[in-house]
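Read the structure below first, then the notes.
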Amino acid sequence: MLFIGENINIMGTKIKQAMKERNKQPIQEIARISRENGVDYLDINIGPARKDGPQLMEWIIKTIREVVDLPLSLDTTNIEAIKVGLEMEGEKSLINSIQATPERMEQLLPLVKKFNCKCIALLIGKEGMPRDATERSALACEFSIRADQLGIPHENIYFDPIVLPVRYQQDQVVAAVEFMKMFKEMFPDYRSTCGLSNVSNGVPENLRGLVNRTYLLMLMKYGLDSAIIDAFDTQLIQMVRGEKEEIKRTVWQTLDENINVQELSQQQMDYYKTTCVLSGKSIYSDSWLKL
Ligand code: THG
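The numbers in the numbering used here rise by one with no breaks, and the one at position 173 of the sequence shown is 163.
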């Protein structure tokens, strides 16, 4: 499992401020901690960056390169900013992301070819969000056909089924899992990833980690290759790297409907209930653990 740390992100107030003032320290600190905690890539999310995208991208990459040598995931819709990142970082970069619309594919896939880098294919089409797993598959087909025409190696493409918040769109959370179940068979030599923390947006703060970890274990059962994660969630990283095998077993057995709840510890019970919510067997409510 390849981890992409999400924490250098313009949505966080401290980081937004640091980007605006060109203050290196908070960004370098996050970069260092993310590496220590074991992520493989750093996601550099500068948002749409309409005004000064290229300058901001150049400054952030230089800032990070003073302290850390992890490869970077260039997370912006500003194509000029992406180009700056590609010129500086070359083939080790990951473009995050390319929407499956004709316009975005036309603009960005040639760059993937030219720089021989990786990219995330975001399964949003010209009609907007896919409604279910089938629409996700159709978009993935369109994307792969276009990428094949340019001769882009399959293993350089990470499909992102789009993870939405369980609190507001529980059926979409189920649909992303349904897509993952089909994915390995339909697209065997391509890769997959997702923005994991989206799933717990709006969930009570103290339960976000539990929701994120449960959802990751569920998607892993169906072959998820990588995830954009909170690099400060060391429990999550350790769990995937082989600790707490009994939790993974609980989640997977729940999905297989082959579980004996009488034998579960309190912690396993929490993961069991959360798996039921994230797989659509129970309806979400903020107090799902108490039911
Ligand atoms: N797919 C792809 N790229 C993505 C996403 C995706 N990039 C952005 C996002 N989604 C993934 N990154 C984040 C980063 C932060 C949070 C969620 C997803 C988050 N942050 C906390 C919050 O908003 O409450 C804390 C913010 C802070 O203060 O630092 O939830 O889906 N390809």
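Glycine included, each C-beta is placed from N, C-alpha and C at the ideal position.
None of the values given here were measured: they were computed from a predicted structure.
Check	Outcome
Can you say whether residue 26 is buried or exposed, counting buried as having 16 or more other CB atoms within 10 angstroms of its CB?	exposed
As a quick exercise: from 153, 109, 23, 122, pick the residue whose alpha carbon is nearest that of residue 306.	Lying before the first or after the last residue shown, residue 306 is absent from the chain, which here runs from -9 to 281.
Residue -5 lies in the beta strand (DSSP E); which residues open and close that run?	-8 to -1
Rounded to the nearest angstrom, what separates residue 209 and residue 96 at their Cα positions?	30 angstroms
Contact between the stretch 160 to 178 and the stretch 266 to 274: three or more CB pairs below 8 angstroms?	yes
Which class does residue 231 belong to by DSSP, given the choice of helix, strand or coil?	coil
Can you give me the C-alpha to C-alpha distance between residue 114 and residue 125, rounded to a whole angstrom?	9 angstroms
Among the residues of its own chain, which have a CB less than 8 angstroms from the CB of residue 4, if the five just before and after it don't count?	16
Nearest to residue 67 by alpha carbon, out of 58, 162, 93, 52?	93
Alpha carbon to alpha carbon, how far is residue 175 from residue 230?	23 angstroms
Of all the beta strand (DSSP E) runs that stay within the bounds of the stretch 145 to 178, which reach a length of 3 or more residues?	147 to 150
Going by beta carbon distance, what residues of the same chain come within less than 6 angstroms of residue -9, once the five residues before and after it are set aside?	230
Determine the closest residue to residue 56 out of 22, 240, 234, 128, with distance taken between C-alpha atoms.	22
Where do the N-terminal and C-terminal ends of the alpha helix (DSSP H) with residue 261 fall, by residue?	256 to 268
Report yes if the C-beta of residue 3 is less than 7 angstroms from at least one heavy atom of ligand 2; otherwise report no.	Absent from the structure shown: ligand 2. Ligands present: ligand 1.
Please report the straight-line C-alpha distance between residue 146 and residue 181, rounded to a whole angstrom.	8 angstroms
Quick check: does the Cβ of residue 68 come within less than 7 angstroms of any heavy atom belonging to ligand 1?	no
Tell me which same chain residues have a C-beta within less than 8 angstroms of the C-beta of residue 177, skipping the five on either side of it?	130, 134, 144, 149
Would you call the CB atoms of residue 279 and residue 263 closer than 8 angstroms?	yes
For residue 108, which three-state DSSP category applies?	strand
Between residue 33 and residue -2, how many whole angstroms is the CB-CB distance? I'm expecting something under 8 angstroms.	7 angstroms
Quick one: give me the first and last residue of the alpha helix (DSSP H) that residue 202 is part of.	198 to 211
Just how far apart, CA to CA, sit residue 62 and residue 248?	40 angstroms
Can you tell me the Cβ-Cβ gap for residue 64 and residue 46, rounded? I've got them flagged as a contact below 8 angstroms.	Contact doesn't hold; Cβ gap of about 12 angstroms is too wide.
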